[in-house]
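Using our numbering, you'd call the opening residue of the sequence shown number 1 and step up by one each time.
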Amino acid sequence: MKYLIIFGLIFSSITLCAQENTYPLYESCKENIKKIEQKQCFETTFKIHLFDILEDSKQWQNTETSDVGLIFDVYKQGQFNLIFVNVESDSIKTIFEEAFDQLPQINPAKVYGNPTFMQFNMDLVYPPNQAVSVHDSSNKIKNKEGSNLSESLIKAKQEFEAVEAETKKYDGELYSSYAYIPLSHEIYNRFDREINLIGTNSHTAQKPFTYKDVKPYYDFKAVNDSLSFNKSSWFGRKLFDEHLATVSGKNYCLTVDFGFDLQLGRDTGTDLNTYNNTRVAFVQGGVGEKLTYYGAIFERQGRFADYYNRLARSIAPIDGNPAIIPGRGIAKRFNADAFDYPVTVGYINYRFNDNFNAQIGNYKNILGDGYRSLFLSDNASPYPYVKVDAEFWKIKYTNIWMQARNTNLLTEREAFQTKFMAIHHLSYNLNKKLNIGLFEAAIWDNEPGRGFDISYLNPLLFYQMVEFSTGTEGGKVMVGANYKYKWTDNFHSYG
Numbered sequence: 001m002k003y004l005i006i007f008g009l010i011f012s013s014i015t016l017c018a019q020e021n022t023y024p025l026y027e028s029c030k031e032n033i034k035k036i037e038q039k040q041c042f043e044t045t046f047k048i049h050l051f052d053i054l055e056d057s058k059q060w061q062n063t064e065t066s067d068v069g070l071i072f073d074v075y076k077q078g079q080f081n082l083i084f085v086n087v088e089s090d091s092i093k094t095i096f097e098e099a100f101d102q103l104p105q106i107n108p109a110k111v112y113g114n115p116t117f118m119q120f121n122m123d124l125v126y127p128p129n130q131a132v133s134v135h136d137s138s139n140k141i142k143n144k145e146g147s148n149l150s151e152s153l154i155k156a157k158q159e160f161e162a163v164e165a166e167t168k169k170y171d172g173e174l175y176s177s178y179a180y181i182p183l184s185h186e187i188y189n190r191f192d193r194e195i196n197l198i199g200t201n202s203h204t205a206q207k208p209f210t211y212k213d214v215k216p217y218y219d220f221k222a223v224n225d226s227l228s229f230n231k232s233s234w235f236g237r238k239l240f241d242e243h244l245a246t247v248s249g250k251n252y253c254l255t256v257d258f259g260f261d262l263q264l265g266r267d268t269g270t271d272l273n274t275y276n277n278t279r280v281a282f283v284q285g286g287v288g289e290k291l292t293y294y295g296a297i298f299e300r301q302g303r304f305a306d307y308y309n310r311l312a313r314s315i316a317p318i319d320g321n322p323a324i325i326p327g328r329g330i331a332k333r334f335n336a337d338a339f340d341y342p343v344t345v346g347y348i349n350y351r352f353n354d355n356f357n358a359q360i361g362n363y364k365n366i367l368g369d370g371y372r373s374l375f376l377s378d379n380a381s382p383y384p385y386v387k388v389d390a391e392f393w394k395i396k397y398t399n400i401w402m403q404a405r406n407t408n409l410l411t412e413r414e415a416f417q418t419k420f421m422a423i424h425h426l427s428y429n430l431n432k433k434l435n436i437g438l439f440e441a442a443i444w445d446n447e448p449g450r451g452f453d454i455s456y457l458n459p460l461l462f463y464q465m466v467e468f469s470t471g472t473e474g475g476k477v478m479v480g481a482n483y484k485y486k487w488t489d490n491f492h493s494y495g
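Below, the structure is given as structure tokens:
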């Protein structure tokens with residue numbers, strides 16, 4: 001890959017859709033608040049409407065009783081779309097196709113308040129006045145090849161078609177989900193004012209945020225749609241408007257993107273030409289309503305300004321590699337005077353409910369306000385961690401357990417020596433203007449016979465007592481406090 005010529009910048013973005021679905025609603029069903037009541041009301045009302053149309057058609061009067069399987073959609077505009085009719089008789093298929101054309105438009109299903117597509121698989125008896133159970137698994141019917149199969153086996157033969165039929169076009173579900181917004185000062189500056197308005201109950205000292213956290217203050221989907229080039233060709237759409245590949249259904253989503261970036265410059269003090277050449281692959285998605293995931297691989301080569309090259313070499317690891325790129329990681333030599341520094345990041349996130357969240361990954365976190373923080377900054381290289389958040393009332397409480405590497409020391413097997421850290425941060429909105437926070441961190445060596453000390457799994461403050469119980473030199477503890485005061489909607493102080 002090092003001989004690849006990069007000719008421009010292809011932007012990429014990451015998507016996730018862990019969805020929460022509500023059923024389509026007839027006007028008569030709008031008073032049914034619970035999801036199970038919505039489901040029952042929809043199915044009952046749908047059958048009444050469909051049977052009324054079938055009976056009015058008069059085509060059923062001399063028809064033999066048949067079991068009919070239907071697969072159909074309700075579009076985001078509220079229209080019905082018949083996908084598949086599982087019945088032996090072609091004439092009955094035609095009857096149902098004509099009946100679906102006459103079904104009225106209804107209120108569509110919604111995801112976080114936004115209209116969305118929903119698919120259904122329903123079994124009926126035709127003609128509608130015949131009382132034959134369609135759920136009797138002992139009933140035998142013939143498939144297209146003429147062999148006798150039970151209803152359950154016929155459904156099994158339709159599984160692949162049903163999976164393909166439920167696949168839909170990705171429609172920005174990311175922006176209403178618990179997907180994490182990538183840590184980028186450029187992105188976070190877009191909504192920095194809105195999320196810091198007087199009266200908001202946000203906790204800006206703990207990042208990253210989720211799209212759902214930010215949605216009340218900044219509409220990512222509307223902004224993204226406004227930037228669309230509306231290209232019609234496949235290449236134009238993939239380059240400017242869409243993800244490279246997506247798979248999306250009623251309770252899952254997967255997106256894949258690739259990106260290329262080339263930056264060129266010159267250090268006038270040393271007459272040195274600089275560059276930074278990046279290729280990146282992203283994958284992100286969600287399964288069900290609560291599980292989300294993200295992964296990215298960055299392959300980079302770069303030559304920087306002379307002062308930056310000297311800094312990178314001055315903190316070189318002890319294993320013989322020439323440099324560490326700040327905020328990225330260990331670099332190996334590329335050509336005579338440049339660096340090759342690949343980076344991989346990713347996480348798996350599980351949202352238990354609106355109050356509790358757990359995450360495991362290799363990424364970055366920020367604790368504290370401002371461009372950089374003395375508590376925990378995104379200026380470090382990515383690190384493995386486990387994080388648990390709890391948020392309720394005016395409080396947000398974060399626990400992070402992470403592993404760090406000391407690149408100046410090697411173990412007997414020539415691996416970098418590791419250290420462990422345990423961090424607490426409590427954020428409290430005292431009133432509409434003032435936020436205060438408490439920070440605590442403990443760090444200890446991965447000594448023989450010790451490893452990760454489970455004493456530090458204590459989810460509550462204070463680590464000082466835990467550190468004392470493990471021995472006077474059992475580790476180091478740091479404590480701190482932070483505040484933010486909103487003088488006006490446009491002026492804040494923090495420290």
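Idealized CB from N, CA, C, for every residue including glycine. Computed from a predicted structure; not experimentally measured.
If you draw a straight line from the Cα of leucine 25 to the Cα of alanine 109, it is about 7 Å long. Distance check between aspartate 306 and each of Gly480, Gly286 and Asp337 places Asp337 closest, using alpha-carbon atoms only. Boundaries of the alpha helix (DSSP H) around arginine 313: 306 to 314. Of the candidates Thr398, Asn86 and Gly327, Thr398 places its Cα closest to the Cα of phenylalanine 356. A direct Cα-to-Cα measurement between threonine 418 and serine 226 gives close to 47 Å. Around the beta carbon of alanine 415, a 10 Å sphere encloses fewer than 16 other beta carbons of the protein chains shown; the residue is thus reported as exposed. The DSSP-derived three-state label of phenylalanine 46 is helix. Here valine 256 has Leu244, Ala245 and Val283 as same chain residues with Cβ atoms under 6 Å from its own Cβ, once five neighbours each way along the sequence are excluded. Each of Asn230, Asp219 and Gly288 was checked against the Cα of lysine 250, and the nearest Cα belongs to Gly288. Under DSSP, threonine 200 forms no beta bridge with any residue. The beta carbon of glycine 199 is closer than 8 Å to those of Lys432 in its chain, skipping five residues each way along the sequence. The Cβ atoms of glycine 286 and alanine 179 sit closer than 9 Å to each other. Leucine 426 sits close to lysine 396, with the two beta carbons spaced by under 9 Å. Judged by beta-carbon spacing, leucine 438 lies within the 9 Å limit of alanine 481, meaning their Cβ atoms are closer than that value. Excluding residues up to 5 positions away in sequence, Asn196, Lys484, Tyr485 and Lys486 lie with their Cβ nearer than 7 Å to the Cβ of histidine 492 in the same chain. Taken atom to atom, the span from the alpha-carbon of threonine 274 to that of phenylalanine 84 is near 60 Å. For tyrosine 211, the enclosing alpha helix (DSSP H) has its first and last residue at 211 to 214.
Sixteen is the threshold: since fewer than 16 other Cβ atoms of the shown chains lie within 10 Å of the Cβ of proline 459, the residue is exposed. Bounds of the alpha helix (DSSP H) holding asparagine 189 are 185 to 189. In this structure, lysine 212 places its C-beta atom within 9 Å of the C-beta atom of serine 176. Cβ neighbours of arginine 333 within its own chain (closer than 6 Å, five residues either side excluded): Pro322.
Around the beta carbon of tryptophan 444, 16 or more other beta carbons sit within 10 angstroms, so the residue counts as buried.
Taking the Cα of isoleucine 400 as reference, the smallest distance to any Cα among Leu291, Phe72 and Ala441 is reached at Ala441. Between the beta-carbon of valine 223 and that of isoleucine 181 there is about 13 Å, and that puts the pair past the 8 Å contact cut. When DSSP states are grouped into helix, strand and coil, alanine 336 belongs to the coil group. Looking at the DSSP output, tyrosine 494 bridges to Lys484. Around the Cβ of glutamine 359, a 10 Å sphere holds 16 or more other Cβ atoms; the residue is buried. Of the residues assessed, threonine 488 falls on the exposed side of the cut-off, its CB having fewer than 16 other CB atoms within 10 angstroms. Leucine 457 sits in a helix when the DSSP states are folded into three classes. The three-state secondary structure of serine 28, taken from DSSP, is helix. Apart from sequence neighbours up to five positions away, the residues of its chain that approach valine 345 with a beta-carbon distance below 7 Å are Ala296, Asn362, Tyr363 and Pro382, ordered along the chain. Within the segment 394 to 421, the complete beta strand (DSSP E) segments of 3 residues or longer fall at 395 to 410, listed in chain order. Bridge pairing for phenylalanine 160: absent [DSSP]. Annotated three-state conformation of isoleucine 53 is helix, per DSSP.
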